[in-house]
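Colleague: Have a look at this one before I ask anything.
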Amino acid sequence: MLEDTGFVDVQIGAPIDTFRGASGEQKARLFAVYGYPFLARKPG
Numbered sequence: 110m111l112e113d114t115g116f117v118d119v120q121i122g123a124p125i126d127t128f129r130g131a132s133g134e135q136k137a138r139l140f141a142v143y144g145y146p147f148l149a150r151k152p153g
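Note that this note's numbering has the sequence shown beginning at 110, numbered continuously upward.
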């Protein structure tokens, strides 16, 4: 999706448990919900 909008050099990092310590942590783990950091550059 990022590349479709003109971004280049797209890098995706390792998954991060964004629900650690939250009340919905158990449910998030059941559905393997994670956040992913990304870095991209838009030329120009």
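The beta carbon of each residue, even a glycine, is placed where N, CA and C say it ideally should be. Just so we're clear, the structure is a prediction, and the values are computed from it rather than from any experiment.
K151 and F128: beta carbons closer than 7 Å?
Modeller: Their beta carbons are not under 7 Å apart, which means K151 does not touch F128 by this criterion.
Colleague: Compare the C-alpha of F158 against each of L139, D118 and G122 and name the closest.
Modeller: This structure cannot settle anything about residue 158, because the visible part of the chain is limited to 110 through 153.
Colleague: DSSP beta-bridge partners for V117?
Modeller: BP columns for V117 point to R150.
Colleague: Look up G122 in the DSSP assignment and give the residues it is bridged to.
Modeller: In DSSP, G122 forms no bridge with anything.
Colleague: When you compare the CB positions of A149 and L111, do they come within less than 7 Å of one another, or not?
Modeller: Cβ atoms of A149 and L111: closer than 7 Å.
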